[in-house]
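> Before we start, here is the structure in question, set down as structure tokens.
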Amino acid sequence: MLQVREQHHYHTKVFTFTGKFCRKTIPGIQILILAAQKTGYHHIILDFSGVTEIDSTGLDELFLWYHNMKPHHVQISVVKPQPYIRYHLDWAHLSEIVPIYASEEDALKHIEEVVEHVEALS
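Take the sequence shown: its letters are residues 1 to 122, numbered as in our numbering.
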């Protein structure tokens, strides 16, 4: 079973997970992520601090969410994965495309800097 807690900060939606991020729990997560994108959030943070297991379906879906959100200018970030989970993210090369941060604050700071830079270019 996977528990999800939601928070928001301006244009960022934060999902904090506790439990298994796997084939059985992905459909519910996907609904939450798509709803966040459709309601205008530009950044989605997946807090993996409580994720105890991730399977190939979880890795595949994370890859697909990243690519499906990109045309909508929605950034997906992961924060605080346990070392075991980080190993799997690195092994699947997801850490090369999905930013991984040590904390929610680091992810929020980075997005604010990106937004400021984009606004300065406009």
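Even for Gly, the Cβ is constructed at its ideal location relative to N, Cα and C.
#1: In chain order, what residues of the same chain lie with their CB nearer than 8 Å to the CB of Val79, ignoring the 5 residues before and after it?
#2: Give me the Cβ distance between Ile111 and His43, rounded to the nearest whole Å; I'm assuming they're in contact under 8 Å.
#3: I'd like the list of long-range same chain contacts for Ile33, defined as Cβ closer than 7 Å, with 5 residues on each side in sequence excluded.
#4: When the Cα atoms are used, what is the spatial distance from Leu62 to Phe15?
#5: Buried or exposed: Pro71, going by 16 or more other Cβ atoms within 10 Å of its Cβ?
Reading it off the structure:
#1: Sequence index remark: in the sequence shown, residue 79 carries index 79 (1-based). Contacts found: Ile45, Leu46, Asp47, Phe48, Ser49, Ile100, Tyr101, Ala102, Ser103, Glu104, Asp106, Ala107.
#2: Here the question's residue 111 lines up with position 111 in the sequence shown. Here the question's residue 43 lines up with position 43 in the sequence shown. Contact holds; Cβ gap of about 5 Å.
#3: Here residue 33 refers to the residue found at position 33 when the sequence shown is read from its first residue. Counting only Cβ-Cβ distances below 7 Å, and skipping sequence neighbours, we find Ile44, Trp65.
#4: Here residue 62 refers to the residue found at position 62 of the sequence shown. Here residue 15 refers to the residue found at position 15 of the sequence shown. Going from the Cα of Leu62 to the Cα of Phe15 covers about 13 Å.
#5: The residue you call residue 71 lines up with position 71 of the sequence shown. Burial state of Pro71 is exposed, judged by a 10 Å Cβ sphere holding fewer than 16 other Cβ atoms.
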